[in-house]
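Chemist: My numbering puts the first residue of the sequence shown at 161, with every later residue one more than the last.
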Amino acid sequence: MRPQIRGGALLLALALAGLAPGGSSLAAAAQDRTSGPVARAATRILDQEGARRLLANKGLTLQWIDWDHRGALMVSREGGVWKLHGRQADANGPGLLALDGTITEIGADYFTFQGRISITNTPDPGRACSADKTWRFAVTQNRRYYRLREFEWCDDLTDYVDIYF
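(1) If you run the structure through DSSP and keep just helix, strand and coil, what is G210?
(2) Can you tell which of T282, D269, E312 has its C-alpha closest to the C-alpha of A298?
(3) Return the chain-ordered list of same chain residues with a C-beta closer than 7 Å to the C-beta of G261, the five sequence neighbours on each side being excluded.
(4) Over what stretch of residues does the beta strand (DSSP E) that includes D316 continue unbroken?
(5) If I'm right that S278 touches A258 with Cβ under 8 Å, what's the distance once you round it to whole angstroms?
(6) Would you list the residues sitting across from D292 in a DSSP beta bridge?
(7) Exposed or buried, what is W295 when buried is set at 16 or more other beta-carbons lying within 10 Å of its beta-carbon?
(8) Please name the residue, chosen from G255, R213, D207, that lies closest to R303 on a Cα-to-Cα basis.
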């Protein structure tokens with residue numbers, strides 16, 4: 161009986177990996193059934209207060225644009241997946257901060273975000289910084305905002321991206 165169990169486990173593993181004869185990958189099978197991309201995993205909420213703060217946020221800033229006039233930040237929920245979309249535009253010039261993506265985890269004093277952050281034309285005209293990856297924001301020293309924990313991710317300038325609550 162053991163050889164049959166091992167053989168069955170092997171066939172199951174091969175089928176899930178898309179290596180069994182006539183099989184396809186699990187992701188491709190899921191895509192075929194739904195006629196669209198595989199759904200993202202639900203946002204992990206480890207702290208309800210952190211989740212509440214994000215939903216009730218009071219905007220975002222980049223220090224090069226303006227500390228006093230915050231940009232709008234929207235957190236939405238689609239099923240169990242939390243989305244984040246925000247922009248701050250310079251009222252006196254072309255400077256722009258944009259965030260767009262999915263919140264992957266919310267903890268007591270932090271959250272992680274998979275998506276794109278773009279900074280353009282600030283503090284200098286022609287500056288263009290954009291990256292698509294996993295970002296970490298955290299509250300430090302009992303402040304009333306989350307701060308992006310990567311400060312020099314584009315060039316030699318230090319960017320403070322803050323999300324207020």
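All C-beta atoms in this analysis are idealised placements derived from N, C-alpha and C, irrespective of residue type, glycine included.
Modeler: Walking through what the data contain:
(1) Helix at G210.
(2) Ranking T282, D269, E312 by CA distance to the CA of A298 puts D269 first.
(3) Closer than 7 Å at Cβ, skipping near neighbours: L244, F273, Q274, G275, R276.
(4) From DSSP, D316 is part of no beta strand (DSSP E); its letter is neither H nor E.
(5) The C-beta separation of S278 from A258 comes to about 5 Å, placing the pair in contact by the 8 Å criterion.
(6) DSSP links D292 through a beta bridge to R276.
(7) In this structure W295 is buried. Its beta-carbon is surrounded by 16 or more other beta-carbon atoms within 10 angstroms.
(8) When only C-alpha atoms are compared, the closest one is R213.
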